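Its first residue numbered 101, the sequence shown is counted upward by one per residue in this note's numbering.
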Amino acid sequence: MRVPNEKDIPTTKVEIKFPVDAVTVSRFEPKPGWKYDITKDASGKITGVVWTTTGEGLASTEFTEFYMQGKVADNATAITWKAYQTYKDGGVVEWVGAEGSDKPASVTKVNAKPAGAGADSHGATTAPANASGAPAAAPGAAASNTPLYLSIAALVLAAAALLTALTRGKAAKR
101 MRVPNEKDIP
111 TTKVEIKFPV
121 DAVTVSRFEP
131 KPGWKYDITK
141 DASGKITGVV
151 WTTTGEGLAS
161 TEFTEFYMQG
171 KVADNATAIT
181 WKAYQTYKDG
191 GVVEWVGAEG
201 SDKPASVTKV
211 NAKPAGAGAD
221 SHGATTAPAN
231 ASGAPAAAPG
241 AAASNTPLYL
251 SIAALVLAAA
261 ALLTALTRGK
271 AAKR
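In structure tokens:
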């Protein structure tokens with residue numbers, strides 16, 4: 101989550117509420133100068149996070165990024181992040197509005213995974229296998245053997261050069 105300071109006074113706190121129907125957040129990257137507190141629902145699911153500065157805060161010409169890790173729901177098409185930005189004077193700006201409003205919430209568009217694709221243990225999408233059972237090439241990636249052929253040619257030329265050098269070395273010693 102990228103947070104710019106949009107006032108002449110420092111940002112001291114940022115609260116994000118997660119759309120639990122669209123994303124499950126599970127981890128947070130520590131950020132020097134900030135601490136975070138996790139909010140959970142009755143079942144223990146993480147529903148938000150509050151980052152609070154341990155220093156002076158985010159100055160008027162600065163921005164920062166807070167990193168989180170989680171899993172996007174299979175049926176999600178967009179993730180709307182409602183955010184509340186608190187300034188040193190106690191003022192709060194609520195970034196919860198619709199697109200085009202004065203204070204819009206941040207929206208992440210979600211691309212659907214390819215038909216037939218699975219996910220690995222980290223949630224990364226994998227391409228479906230082809231008829232032979234081998235993984236299919238990634239979309240847009242042409243299966244090219246050019247690097248392999250160039251490597252073989254280089255190896256053959258290197259071996260020929262070594263053989264020539266050794267043969268000439270023996271001939272010179274005679």
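Even glycine gets a Cβ: it sits at the ideal position worked out from N, Cα and C.
Please read these numbers as outputs of a predicted model, since none were measured by experiment.
Start-to-end residues for the beta strand (DSSP E) that takes in residue i
| i | result |
| --- | --- |
| S206 | 206 to 209 |
| D108 | That residue, D108, is in no beta strand (DSSP E); it is neither H nor E in DSSP. |
| P130 | Note, P130: premise wrong, no beta strand (DSSP E); not H, not E. |
| K135 | 134 to 140 |
CB of residue i within 8 Å of CB of residue j, strictly
| i | j | result |
| --- | --- | --- |
| W187 | K135 | Note that residue 187 is Tyr in the sequence shown here, rather than Trp. No, the pair does not count as a contact, with Cβ atoms beyond the cut-off. |
| A159 | A183 | no |
| A122 | A198 | no |
| T302 | G170 | Lying before the first or after the last residue shown, residue 302 is absent from the chain, which here runs from 101 to 274. |
| I116 | G148 | yes |
| K203 | V193 | yes |
| G133 | T153 | yes |
CA nearest to the CA of residue i, picked from the options
| i | options | result |
| --- | --- | --- |
| T164 | A259, A261, L248, K113 | K113 |
| V103 | Y167, L262, I138, S251 | Y167 |
| G157 | L263, I109, R268 | I109 |
| D141 | G191, P119, G200 | P119 |
| T180 | V193, V210, T111 | V210 |
| K55 | A259, L262, W151, S201 | The structure shown does not extend to residue 55, since the chain is modelled only from 101 to 274, so the question has no answer here. |
| T208 | T177, N105, D137 | T177 |
Reduced DSSP secondary structure (H/G/I, E/B, other) of residue i
| i | result |
| --- | --- |
| Y249 | helix |
| V149 | strand |
| A176 | coil |
| T154 | coil |
| T267 | helix |
| S232 | Unreliable placement is indicated for S232, whose pLDDT of 48 sits below 50; the coordinate value is still reported in the next sentence. Residue state, collapsed to three classes: coil. |
For residue i: DSSP bridge partner residues
| i | result |
| --- | --- |
| A183 | I116, W195 |
| T124 | K171 |
| F166 | According to DSSP, F166 bridges with nothing at all. |
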